[in-house]
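K.L.:
Numbering (my numbering), first residue to last: 1 to 195. Glycine residues also receive a C-beta, built at the ideal position from the N, C-alpha and C atoms. Since this is a predicted model, take the numbers as computed values, not measurements. I am attaching a structure below and will ask some questions about it afterwards.
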Amino acid sequence: MTDSERFARTIALYSLRFTPDRLGVVEDMRFPQMRVVLRQETQRLGRPPTQDEFAQACILAWSGPFPRDLETPIRARLARAYASLVREHHFGLVLREICGPQGLEVLDSDYLDLGQGIDFAIEGPAGKVAIAVQQATRRAWSFANRKAWRRCVGWSVITAELGFENRMTCGQFWLFRPEWIKQFVQEQVIHLVAA
Numbered sequence: 001m002t003d004s005e006r007f008a009r010t011i012a013l014y015s016l017r018f019t020p021d022r023l024g025v026v027e028d029m030r031f032p033q034m035r036v037v038l039r040q041e042t043q044r045l046g047r048p049p050t051q052d053e054f055a056q057a058c059i060l061a062w063s064g065p066f067p068r069d070l071e072t073p074i075r076a077r078l079a080r081a082y083a084s085l086v087r088e089h090h091f092g093l094v095l096r097e098i099c100g101p102q103g104l105e106v107l108d109s110d111y112l113d114l115g116q117g118i119d120f121a122i123e124g125p126a127g128k129v130a131i132a133v134q135q136a137t138r139r140a141w142s143f144a145n146r147k148a149w150r151r152c153v154g155w156s157v158i159t160a161e162l163g164f165e166n167r168m169t170c171g172q173f174w175l176f177r178p179e180w181i182k183q184f185v186q187e188q189v190i191h192l193v194a195a
């Protein structure tokens with residue numbers, strides 16, 4: 001069983017819970033590096049964290065004093081971020097399983113995400129390409145447009161959009177189908193990075 005298959009089987013057993021608690025000041029707050037927290041918790045636990053474990057780990061990673069008076073809307077914001085971070089993490093696992101044997105390096109970091117507005121970079125002998133992962137929804141497009149201004153010049157940026165035709169359901173999560181990711185890499189990425 002591959003890492004991505006093990007990851008998907010585990011999260012299929014998890015439940016998601018969302019609350020309508022939104023507060024403008026929280027939506028604009030600087031949160032801990034959530035991608036890093038998810039990755040570290042997955043390594044520490046030997047499995048993906050649950051939604052509550054993820055939120056608690058983010059609160060523990062908070063820089064400076066945690067605003068206890070805003071804990072409910074902060075936890076709601078973390079809960080909303082969790083499902084997309086899980087989807088993105090799974091996408092990265094599959095990407096590495098596809099690209100690694102071909103000698104291509106898959107990079108992801110908060111610098112790429114927060115600084116460049118992209119989720120993954122693939123480097124090969126012929127060059128590099130950036131991949132932005134998002135859902136095919138108006139809210140996701142709006143968020144992607146806010147990130148797009150940060151994109152570095154000189155990168156080919158390809159968007160992988162999760163829609164009905166390329167998703168699979170794992171419990172309450174929507175993930176990209178691994179066979180779709182493989183096709184996406186073959187059709188849109190390899191010719192840009194492989195020698």
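#1: Quick one: Cα of E88 to Cα of I59, how far?
#2: Unbroken alpha helix (DSSP H) runs of length 4 or more, entirely within the segment 37 to 68: which are they?
#3: Exposed or buried, L78, counting other C-beta atoms within 10 Å across all chains shown (16 or more means buried)?
#4: Going by C-alpha to C-alpha distance, which of D52, R75, V193 sits closest to G124?
#5: Would a check of beta-carbon distances place A55 closer than 8 Å to chain D?
#6: Taking just the CA atoms, how far does L95 sit from W174?
#7: Report the CB separation of A34 from A81 in whole angstroms; it is logged as a contact under 8 Å.
#8: Excluding the five sequence neighbours on either side, which residues of its own chain have a C-beta within less than 8 Å of the C-beta of Q186, listed in chain order?
#9: Three or more C-beta pairs under 8 Å: does that hold for the segment 63 to 74 against the segment 11 to 27?
#10: Let me check understanding here. Comparing Cα to Cα, which of I11, A130, A195, F91 lies closest to K182?
#11: Just verifying my parser: in three-state terms, what is the DSSP assignment at M168?
#12: Looking only at its own chain, which residues have a Cβ that is under 7 Å from the Cβ of L93, when we skip the five neighbours before and after it?
#13: Among V106, I131, G127, whose alpha-carbon lies nearest the alpha-carbon of I118?
#14: Please go through the same chain and pick out, in chain order, the residues whose beta-carbon is closer than 7 Å to the beta-carbon of M29, but skip the five residues on each side of it.
#15: Using a Cβ-Cβ cutoff of less than 8 Å, which residues in the same chain neighbour A121 once the five nearest sequence positions on both sides are dropped?
#16: Would you mind sorting W149 into buried or exposed? The rule is 16 or more other CB atoms within 10 Å of its CB.
#17: Give every residue of the same chain whose Cβ lies closer than 7 Å to the Cβ of L85, excluding the five residues on either side of it in the sequence, and list them in chain order.
#18: Taking the alpha carbon of V157 as the point to measure from, which residue in F31, R167, V133, Q172 has its own alpha carbon closest?
#19: Report, in whole angstroms, the separation of the C-beta atoms of Q135 and S15, which I expect to be a contact under 8 Å.
#20: In whole angstroms, give me the CA-to-CA distance for T50 and Q102.
P.N.:
Quick look at the numbers:
#1: Between E88 and I59, the C-alpha separation is close to 21 Å.
#2: Complete alpha helix (DSSP H) runs here, min 4: 51 to 60.
#3: That one is buried.
#4: The candidate whose alpha carbon is nearest that of G124 is V193.
#5: Among the chains of the structure shown, chain D does not appear; only one protein chain is present.
#6: In this structure, the alpha-carbon of W174 lies about 17 Å from that of L95.
#7: Contrary to the premise, residue 34 reads as Met rather than Ala in this sequence. Confirmed, about 6 Å.
#8: The answer is none, since no qualifying residue turns up.
#9: As far as the Cβ criterion goes, the segment 63 to 74 touches the segment 11 to 27, which means the pair count is three or higher.
#10: Answer by Cα proximity: F91.
#11: Looking at M168 - three-state DSSP - the assignment turns out to be strand.
#12: Hits under 7 Å: D3, S4, F7.
#13: Comparing Cα positions, the closest option is I131.
#14: Here the set comprises nothing.
#15: Close CB contacts of A121 within its chain, under the 8 Å cut and outside five residues either way in sequence, are with V106, L107, D108, L112, K128, V129, A130, I131, W155 (chain order).
#16: Summary for W149: the model assigns pLDDT 47, below 50, so the residue's position carries little reliability; its value from the coordinates is reported in the next sentence. By the neighbour-count rule (16 or more Cβ atoms within 10 Å), W149 is not buried but exposed.
#17: The beta carbon of L85 is closer than 7 Å to those of M34, R35, L38 in its chain, skipping five residues each way along the sequence.
#18: Closest by alpha carbon: V133.
#19: About 20 Å separates the two Cβ atoms, so there is no contact after all.
#20: Note on geometry: alpha-carbon atoms of T50 and Q102 lie some 33 Å from one another.
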